[in-house]
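Take a look at the structure below.
Protein chains in written order, with the working numbering: chain A, 1254 to 1647; chain B, 103 to 218.
In structure tokens form, the structure reads like this:
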């Protein structure tokens, strides 16, 4: 009887080792030839700055067909250029091509001097100031907000506090109901001594948070990914795309301590936002005050912000014009996946165009991708969804 | 985590043995590698999902932070007589700057509103 080792095709193994060596040599050459990993290359101009925050306005080469500007608000964790990670995988460029007038916030990299910044400073301070700048520049009383991940939560809170300044609200993979334990982050956060964390670090290092993200799928994110890289290392363009993503993953700003303290304790641990108990400054946040149209996008296979955390927003808001859009994919796929470029960006543009006018068309038509397929709530379905409660996330 | 690793390792060995006993063979290294990764990932994910792990992880983090805090306190005591700004002094300074900035921003807003 043959030994276990003999059951491995050793000849082929040696051939594979030889192939890998060749790939490594070619890959090393490619790596040496890459001088810059360019990201966020869509042309834009700086229109406002405050402390470490920068507000940019994207240059529109074509015609603006959606009159109300859109402010993109990304999370404090990681960087906003994910939305324009590479020219052919860019939600920003996609939306620009569809006639949107886009602004984006760059929160910057907090240092120790920012340790006392609170949620109130970010939302009623920085975000509100950016909204005012855009309102002034555009001459519009209200603008569109498009918030991503934690930025979506911020936009939700902002829209509840300042509904008079928000025309339409779009949230992408943004958590609102933190009671779930579906995602590991939600489970882990509940047992974390946040006070000790903030009191020790003041500004929580980005690397600390990143190590937590990498632990969500330790073998895939720390081993498989780099083994898979060997398959693309010979192709310079694909390698460059891989490096762009790596750059984004490890480009993690620190987190202002007081802001993180409240976000973790009140949201992740206390779930106060959805319960209507969250205070921003001296104001209570009531999600029922979100009275403008809402497009809430969640990813069915999101391991960072599970659908159970995003979907409940539609039952908590006061507006009757609300759309729940299911993106079939994961958290990151929402920004860079090919489906995102083909389906999601056009769907957002269509939804916003339909609600662009003074008394916008309350049309039952859904974004291009088809409501039935995506499981989104069309206006006809709204009442029934509200009554019956939302379907359980898959 | 050690136990989860051992269990994953045992499962990989059992799966390989099962495959071999059926007369199959690993044509490519990737087949074995994928098997090892998938089994290990699942084993650790199952562990990470438990409340026990979450609690222990929280306790471990707290202990690490505790050590770090005590180290910082020790450094403050040690460096007190040196001509350098200490962490606690910088914290005070940051707070003062933060409060002043906030006040200035608020006053600037009031001026703009008054002129509007």
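Don't be surprised by glycine CBs; every beta carbon is placed ideally from N, CA and C. Here the structure is a predicted model, which means the values were calculated and not measured.
(message) Can you give me the C-alpha to C-alpha distance between residue 1374 of chain A and residue 1558 of chain A, rounded to a whole angstrom?
(response) For this step, residue 1374 of chain A is matched to residue 121 along the first chain. For this step, residue 1558 of chain A is matched to residue 305 along the first chain. Whole-angstrom Cα-Cα distance: 24 Å.
(message) Please state the DSSP three-state secondary structure of residue 217 of chain B.
(response) The sequence position of residue 217 of chain B within the second chain is 115, counting from 1. Residue 217 of chain B falls in the helix class under three-state DSSP.
(request) Out of A:1344, A:1506, A:1446, A:1455, point me to the one whose CA is closest to residue 1463 of chain A's CA. (result) As a first step, residue 1463 of chain A must be located in the first chain, where it is residue number 210. That would be A:1506, whose Cα lies nearest to the Cα of residue 1463 of chain A.
(request) Report yes or no: is there a C-beta of chain B within less than 9 Å of the C-beta of residue 1265 of chain A? (result) If you number the first chain from 1, residue 1265 of chain A lands on position 12. Answer yes: the Cβ-Cβ gap between residue 1265 of chain A and chain B drops below 9 Å somewhere.
(message) So if I threshold CB-CB distances at 8 Å, which residues from the region 1291-1322 of chain A count as touching chain B?
(response) 1304
(request) Have a look at residue 136 of chain B and residue 130 of chain B and give me their C-alpha separation to the nearest angstrom. (result) Position 34 of the second chain holds residue 136 of chain B. Position 28 of the second chain holds residue 130 of chain B. Taking the straight line from one Cα to the other gives about 10 Å.
(request) Please list, in chain order, all residues of the same chain as residue 1487 of chain A whose beta carbon is under 8 Å from its beta carbon, the five residues on each side excluded. (result) Position 234 of the first chain, counted from the start, is the residue given in the question as residue 1487 of chain A. The residues are 1276, 1279, 1280, 1283.
(message) Taking DSSP's pairing of strands, which residues face residue 1310 of chain A in a bridge?
(response) Position 57 of the first chain holds residue 1310 of chain A. Its beta-bridge partners are A:1298, A:1356.
(request) Could you name the residues of the same chain whose beta carbon sits closer than 6 Å to that of residue 1548 of chain A, not counting the 5 residues immediately before and after it, in chain order? (result) Walking along the first chain from the start, residue 1548 of chain A turns up at place 295. Here the set comprises 1423, 1576, 1604.
(request) Taking only runs that begin and end inside the region 1376-1444 of chain A, name each unbroken beta strand (DSSP E) of 3 or more residues, in chain order. (result) 1396-1401, 1419-1425
(message) Is residue 170 of chain B close to chain A? Criterion is C-beta to C-beta, closer than 9 Å.
(response) The count along the second chain starts at 1 and reaches residue 170 of chain B at position 68. Interface residue, yes.
(request) Would you grab the beta carbon distance between residue 1303 of chain A and residue 1379 of chain A for me? Rounded to a whole angstrom, and I think it's under 8 Å. (result) Numbered from 1 along the first chain, position 50 holds the residue referred to as residue 1303 of chain A. Numbered from 1 along the first chain, position 126 holds the residue referred to as residue 1379 of chain A. Their Cβ separation, rounded to whole angstroms, is 6 Å, which keeps residue 1303 of chain A and residue 1379 of chain A in contact under 8 Å.
(request) For residue 1476 of chain A, go through chain B and note every residue whose CB falls closer than 8 Å to its CB, in chain order. (result) Residue 1476 of chain A sits at position 223 when you count from the first residue of the first chain. Per Cβ cutoff of 8 Å: 139.
(request) Could you say which of A:1476, A:1518, A:1522, A:1349 lies nearest to residue 1322 of chain A if we only look at CA atoms? (result) Along the first chain, read from residue 1 onward, the residue named residue 1322 of chain A stands at position 69. Residue 1322 of chain A has its Cα closest to that of A:1349, out of A:1476, A:1518, A:1522, A:1349.
(request) Starting from the C-beta of residue 1516 of chain A, find all residues in its chain whose C-beta is less than 7 Å away, skip the five residues before and the five after it, and write them out in chain order. (result) Reading the first chain from its first residue, position 263 is the one you call residue 1516 of chain A. Result list for residue 1516 of chain A: 1372, in chain order.
(message) Tell me which residue opens and which closes the alpha helix (DSSP H) that residue 1288 of chain A is part of.
(response) Walking along the first chain from the start, residue 1288 of chain A turns up at place 35. Taken as a continuous stretch (DSSP letters only), residue 1288 of chain A belongs to no alpha helix (DSSP H), as it is neither H nor E.
(message) Output needed for residue 1636 of chain A: all residues of its chain with C-beta closer than 6 Å, excluding positions within five of it in sequence on either side, in chain order.
(response) What you label residue 1636 of chain A is simply residue 383 of the first chain in a count that begins at 1. For residue 1636 of chain A, the predicted structure reports a pLDDT of 34, less than 50, and the residue's modelled location is therefore unreliable. The matter cannot be settled from this model.
(message) Between which residues of its own chain and residue 1598 of chain A is the CB-CB distance below 8 Å, once the five residues before and five after are set aside?
(response) In the first chain, the residue the question calls residue 1598 of chain A occupies position 345. 1344, 1347, 1348, 1351, listed in sequence order.
(message) Quick check on the DSSP output: the alpha helix (DSSP H) that includes residue 1327 of chain A runs from which residue to which?
(response) Taking the first chain and counting its residues from 1, one reaches residue 1327 of chain A at position 74. No alpha helix (DSSP H) contains residue 1327 of chain A, which DSSP labels as neither H nor E.
(message) So that I know if they touch, is there some Cβ in chain B lying closer than 9 Å to that of residue 1393 of chain A?
(response) What you label residue 1393 of chain A is simply residue 140 of the first chain in a count that begins at 1. Taking Cβ atoms only, chain B never reaches closer than 9 Å to residue 1393 of chain A, which makes this a no.
(request) Look up residue 1530 of chain A in the DSSP assignment and say whether it is helix, strand or coil. (result) By 1-based counting over the first chain, the position of residue 1530 of chain A is 277. Three-state DSSP puts residue 1530 of chain A in coil, outside helix and strand.
(request) Would you tell me roughly how many angstroms separate the C-alpha atoms of residue 1362 of chain A and residue 1513 of chain A, rounded to the nearest one? (result) Counting from one through the first chain, the residue named residue 1362 of chain A turns up at place 109. Counting from one through the first chain, the residue named residue 1513 of chain A turns up at place 260. Straight-line Cα distance between these residues: approximately 14 Å.
(request) Inspect the beta-carbon positions of residue 1574 of chain A and residue 1563 of chain A and report whether they are closer than 9 Å. (result) For this step, residue 1574 of chain A is matched to residue 321 along the first chain. For this step, residue 1563 of chain A is matched to residue 310 along the first chain. Against a cut-off of 9 Å, the Cβ pair of residue 1563 of chain A and residue 1574 of chain A comes out as no contact.
(request) Rank A:1553, A:1446, A:1593, A:1533 by C-alpha distance to the C-alpha of residue 162 of chain B and give the top, closest one. (result) For the purposes of this step, residue 162 of chain B is identified with residue 60 of the second chain, where counting begins at 1. If we check each option's Cα against that of residue 162 of chain B, A:1446 comes out closest.
(request) Just tell me which of B:128, B:214, B:170 has its CA closest to the CA of residue 1269 of chain A. (result) Looking up residue 1269 of chain A in the first chain gives position 16. Residue B:128 is the option with its Cα nearest to residue 1269 of chain A.
(message) Counting C-beta neighbours from all protein chains within 10 Å, is the total for residue 1400 of chain A 16 or more, i.e. buried, or is it exposed?
(response) As a working mapping, residue 1400 of chain A is identified with position 147 in the first chain. So residue 1400 of chain A counts as buried.
(request) Tell me whether residue 1205 of chain A sits in a helix, a strand or coil according to DSSP, three-state version. (result) Residue numbering for chain A in the displayed model covers 1254 to 1647; residue 1205 of chain A lies beyond these limits and cannot be assessed.
(request) Could you tell me whether the region 1520-1530 of chain A touches the region 1441-1456 of chain A, using the rule of 3 or more Cβ pairs below 8 Å? (result) yes
(message) Between the alpha carbons of residue 1569 of chain A and residue 1418 of chain A, how many angstroms are there, rounded?
(response) Counting from one through the first chain, the residue named residue 1569 of chain A turns up at place 316. Counting from one through the first chain, the residue named residue 1418 of chain A turns up at place 165. Rounded to the nearest angstrom, the two C-alpha atoms are 20 Å apart.
(message) Along the region 155-166 of chain B, where does the CB come closer than 7 Å to a CB of chain A? Name the residues.
(response) 156, 157, 159, 160, 163, 164
(message) So, at 6 Å on beta carbons, what are the nonlocal neighbours of residue 1590 of chain A in its own chain, with the 5 sequence-adjacent residues on each side left out?
(response) Here residue 1590 of chain A corresponds to residue number 337 of the first chain, with the count starting at 1. Contacts found: 1582.
(message) Less than 9 Å between the beta carbons of residue 1305 of chain A and residue 196 of chain B, yes or no?
(response) Position 52 of the first chain, counting from 1, holds the residue named residue 1305 of chain A. Position 94 of the second chain, counting from 1, holds the residue named residue 196 of chain B. No.
(request) Starting from the C-beta of residue 1398 of chain A, find all residues in its chain whose C-beta is less than 8 Å away, skip the five residues before and the five after it, and write them out in chain order. (result) Here residue 1398 of chain A is taken as the residue at index 145 of the first chain, counted from 1. For residue 1398 of chain A, where only same-chain residues beyond five positions count, the Cβ hits under 8 Å are 1323, 1324, 1326, 1384, 1408, 1411, 1412, 1419, 1421, 1422, 1423.
(message) My output table needs one value for residue 62 of chain B: the three-state DSSP class, helix, strand or coil.
(response) In the structure displayed, chain B extends from 103 to 218; residue 62 of chain B sits before or after that span and is not available.
(request) Just the C-alpha distance for residue 1214 of chain A and residue 1297 of chain A, rounded to the nearest angstrom, thanks. (result) Here chain A covers residues 1254 to 1647 and nothing more, so residue 1214 of chain A does not appear.
(request) For the alpha helix (DSSP H) holding residue 117 of chain B, just list the boundary residues, first then last. (result) As a first step, residue 117 of chain B must be located in the second chain, where it is residue number 15. Note, residue 117 of chain B: alpha helix (DSSP H), 104-123.
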